[in-house]
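Q:
Protein chains in written order, with the working numbering: chain A, 53 to 165; chain B, 54 to 165.
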């Protein structure tokens, strides 16, 4: 079955630690996205990538980094510079173009110890 | 003013009721509109796109009013399984990419 997978489902971060969230898709989509969801707020875009080896900052990129070395994969690193990392992180993908539906993975919930 | 605004609810309705949600958007140049459904602690899933002429999918009807810059979602004959948060999503066709702006969601609770 085609889809988007994210791992782990839950992730715990210690102070000063970098953690990496995995996102893989087998939909052959060109574009991939990372969002953050906090209670009572809409999803906010962290980073997006329209094509392999290219990515751009979204609205709240500070404290995060990404890579896009393969079409299928778009990992997100939450660095120690992100002072409030506790949130629900959602990865999405779309075919490409500017008016396409985005499909979401199941999400990773990050908690700070 | 938020780019996409929704009443957070909750809307508490009995099974079989008809319920409607509205959502307003600020960018008049917005081109694409969607309703996503999100269950508790799960990912958003596309419920339906919203077309200028309005569209219907079973018990769900979506309408777009460009003049007043709002979209609506009507659910007829509510089921317990309709309990979820409904996200209004707008593509403003700006920023040079497939940009989506999400509302914070309207929570629906359907009770027996």
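Think of the CB as a built atom: it goes at the ideal place given N, C-alpha and C, for glycine as much as any other residue. These figures come from a predicted structure and were not determined experimentally.
1. Would you call the segment 147 to 158 of chain B and the segment 93 to 101 of chain A in contact, with 3 or more CB pairs under 8 angstroms?
2. Based on the DSSP output, what are the partners of residue 106 of chain A in its beta bridges?
3. Does the beta carbon of residue 99 of chain A sit closer than 8 angstroms to a beta carbon anywhere in chain B?
4. Going by C-alpha distance, which of B:157, B:143, B:136, B:155 is nearest residue 165 of chain B?
5. Which chain B residues sit within Cβ distance under 8 angstroms of residue 146 of chain A?
6. Taking all protein chains shown into account, do 16 or more other C-beta atoms lie within 10 angstroms of the C-beta of residue 67 of chain B, making it buried, or fewer, making it exposed?
7. Measure the CB-CB distance between residue 65 of chain B and residue 157 of chain B and report whether it falls below 8 angstroms.
8. Does residue 136 of chain B come out as helix, strand or coil in the three-state DSSP assignment?
9. Go through its chain and collect everything with a Cβ distance to residue 130 of chain B's Cβ below 7 angstroms, but skip five positions before and after it.
A: On the basis of the supplied data:
1. yes
2. A:103
3. no
4. B:136
5. 151
6. exposed
7. no
8. coil
9. 69, 112
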